[in-house]
Structures are given as structure tokens and as C-alpha cells.
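Residue numbers (this note's numbering): 5 to 135. In this text, a Cβ means the ideal position worked out from N, Cα and C, and glycines have one as well. The structure presented is a predicted model; accordingly, all values stated were derived computationally and were not measured. Report on one structure; see the data block that follows.
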């Protein structure tokens, strides 16, 4: 009976360890995906790559993608030196990315919500928080 108890105990501990590692791996994979997504958006913002910006975002101000493209094409700010300062996990499907950039020679910090929508990460634009 003692051996059976030890085997059961070791099996339980092993299962808990495997499940824990799988959960951490999934979270770190999601975090890397969000970081890559946000980095691609910042590059597009610097390069004024409207197609990429529209593809990577869900801009709540523009339900129509064509109007969103037209508005983005009229952006005349000079944005450079973008970088991700922090990425906070809110839930399995939501992060908050804190970004620094220089906009028209003024340093800014902006927070972007990033949410998984229809199994794709989208940067939520239209209510960004400027610091």
C-alpha cells in the first residue's frame, strides 16, 4: 500500500508540473505574439504604412475600413523612435501595451489595449491613453 501511495503521489505531482509548464508556455507564446503584433504596428506607424496599420488594428472610431484608410492617409504627424516599454497581461485574451514615441519632436507615452478578436490579436485604437 505504501508503494501505491508513493506512485500515485508522484504521478499527481508530475501531472501538476506538466500542466503548469503548458500554461506558462501558452501565456509566454501569447505574450510574444502580442509583442510582435505591437512592434509591427509601431513600424507601420513610423513608416506611415496605412494598409498594415488598418490590418493590425480595430479602430473603434471607424466601423468602415475604407474610411479608416482615408483618415489614416491624412495623418501628418511625424512619428519616430517608437518602442514598447511594458506589456501587461489583463486576461488570456487581453493585454495593455505601454509605448513610448516621439511625435512631432515631443516625447509621448501611449497605452494601447490589445485584444484577441476572432482568434486574432488586434490593437484597439480610438481610445488610447496619452500620458
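Three-state secondary structure assigned by DSSP to residue 96
coil
When you compare the CB positions of residue 38 and residue 76, do they come within less than 8 angstroms of one another, or not?
no
Where the alpha helix (DSSP H) containing residue 75 begins and where it ends
69-77
Sheet register partners of residue 111 (DSSP bridge):
In the DSSP output, where bridge partners are listed per residue, residue 111 has 106.
What's the call for residue 61, buried or exposed, on a 16-neighbour Cβ count within 10 Å?
buried
Distance between residue 44 and residue 51 (C-alpha atoms, nearest Å)
11 angstroms
Within its chain, find whatever has a CB closer than 7 angstroms to the CB of residue 86; leave out the 5 residues flanking it on each side and keep chain order.
Excluding positions up to five away in sequence, the list reads 46, 49, 50, 103 and 105.
What is the DSSP secondary structure of residue 119, counted as helix, strand or coil?
strand
Count the other CB atoms, across all protein chains shown, that sit within 10 Å of the CB of residue 64; report buried if there are 16 or more and exposed otherwise.
So residue 64 ends up on the exposed side.
Sub-8 angstroms separation of residue 89 and residue 113 beta-carbons:
yes
Output needed for residue 82: all residues of its chain with C-beta closer than 6 angstroms, excluding positions within five of it in sequence on either side, in chain order.
108
Can you say whether residue 72 is buried or exposed, counting buried as having 16 or more other CB atoms within 10 angstroms of its CB?
buried
Would the beta-carbon of residue 130 fall within 8 angstroms of that of residue 42?
no
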